[in-house]
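Undergrad: Provided herewith is a single structure, encoded as structure tokens, for subsequent inquiry.
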Amino acid sequence: PVWSVLNYMIGIGLADAGHDRWAERLRGDTRALIEQTGFYEAYNPVDGTGNGGDDFSWTAAIWLAWARG
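Heads up, the sequence shown is in my numbering, so the first residue is 13 and it goes up one at a time.
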């Protein structure tokens with residue numbers, strides 16, 4: 013599954029390692045997935061459907077952090 017909190021940490025690592033383009037792509041793709049599907053615990057990597065809880069606070073926190081830039 014795709015976990016937004018893991019993508020957030022990976023994005024930070026990519027940016028810190030100088031891979032800004034990859035970090036921004038991961039950020040944008042994850043934000044779009046959240047915006048299209050909702051605040052799920054995780055997402056199906058093939059079709060983007062939500063898995064687990066559908067009102068997950070850590071996903072909302074990640075979206076808010078990335079929405080602020």
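Where is the CB? At the ideal position from N, CA and C, for every residue including glycine.
Within 10 Å of its beta-carbon, does isoleucine 74 have 16 or more other beta-carbons around it, so buried, or fewer, so exposed?
TA: Label assigned to isoleucine 74: buried.
Undergrad: With 16 other CB atoms within 10 Å as the buried threshold, where does leucine 9 fall?
TA: In the structure as shown, the chain begins at 13 and stops at 81. Residue 9 is therefore absent and cannot be evaluated.
Undergrad: Using the DSSP secondary-structure output, state which residues sit across from tyrosine 55 in a beta bridge.
TA: According to DSSP, which records beta bridges pairwise, tyrosine 55 is partnered with Val14 and Gly62.
Undergrad: What residue does the alpha helix (DSSP H) around arginine 37 start on, and which one ends it?
TA: Per DSSP, arginine 37 belongs to the alpha helix (DSSP H) from 32-49.
Undergrad: For a test of the three-state rule: what should DSSP assign to aspartate 28, helix, strand or coil?
TA: DSSP places aspartate 28 in helix when its eight states are reduced to three.
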